[in-house]
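Right, one structure below, let's go through it.
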Amino acid sequence: MSNSFVYVTYIRTTPEKLWEALTDPEFNRQFFLCSYQESEWKVGSSWKLIFPDGRVADSGEILEIDPPRRLVIKWRNEWMPEIREDGYTRCTFTIEQEGELMKLAVTHEADGPHRLIGNVAMGWPLVLASLKSLLETGKGFERPPSKG
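Structure follows, in structure tokens:
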């Protein structure tokens, strides 16, 4: 993979609670800027990220799942036609315990140039900071207002 974005954070939580936050729609709404994921969370099952208004933001398929350690999603943007044309990317979540902290690494990658990687490079830091805040303080971030 030649075009990628990697983000690593440390969260004071348990592997099980972090996994639940990543895969439970109600938990998602609290940190994913009011969006949530839908899936059966099995290899081969479909996956969707849903905007608060019900539109599908992104879609794909579960490629690998090893609770509470690893999740790999085949991921395509659905709401921006020019980025949808670029096809699928791959998003990998890995969780490793380091003492009382969980090391969460998110790697979003594409084969060759892909405009979505630039977008996720702006989005993942906010989403993952919100996840960390939610698990450590009980409150995630709200969706920021649209610019213009």
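For the sequence shown, our numbering begins at 66 and goes up steadily by one.
Cβ coordinates follow ideal geometry from the N, Cα and C atoms, glycine included.
According to DSSP, which residues form a beta bridge with residue i?
i	result
V137	E129 and T157
T74	L169
S111	E126
V121	I115
Residue i lies in the alpha helix (DSSP H); which residues open and close that run?
i	result
E81	P80 to T88
E103	It is not in any alpha helix (DSSP H) - E103 instead sits in the beta strand (DSSP E) that spans Y101 to S104.
P117	Segment: none, P117 is in no alpha helix (DSSP H) and carries neither H nor E.
W189	R180 to T202
In chain order, what residues of the same chain have a beta carbon less than 6 Å from the beta carbon of residue i, not counting five sequence neighbours either side?
i	result
V185	F70 and H173
E161	K168
Are the CB atoms of residue i and residue j nearer to each other than 8 Å?
i	j	result
R155	K139	yes
T88	W112	no
G205	Q95	yes
P117	C99	yes
Closest by CA to residue i, which one among the options?
i	options	result
R149	E163, V137 and A122	A122
S104	G152, E126, L83 and D176	E126
V108	S124, V137 and V73	V137
What residues in its chain sit with their C-beta under 8 Å from that of residue i, if we drop five residues either side in the sequence?
i	result
R135	E129, T157, F158, T159 and I160
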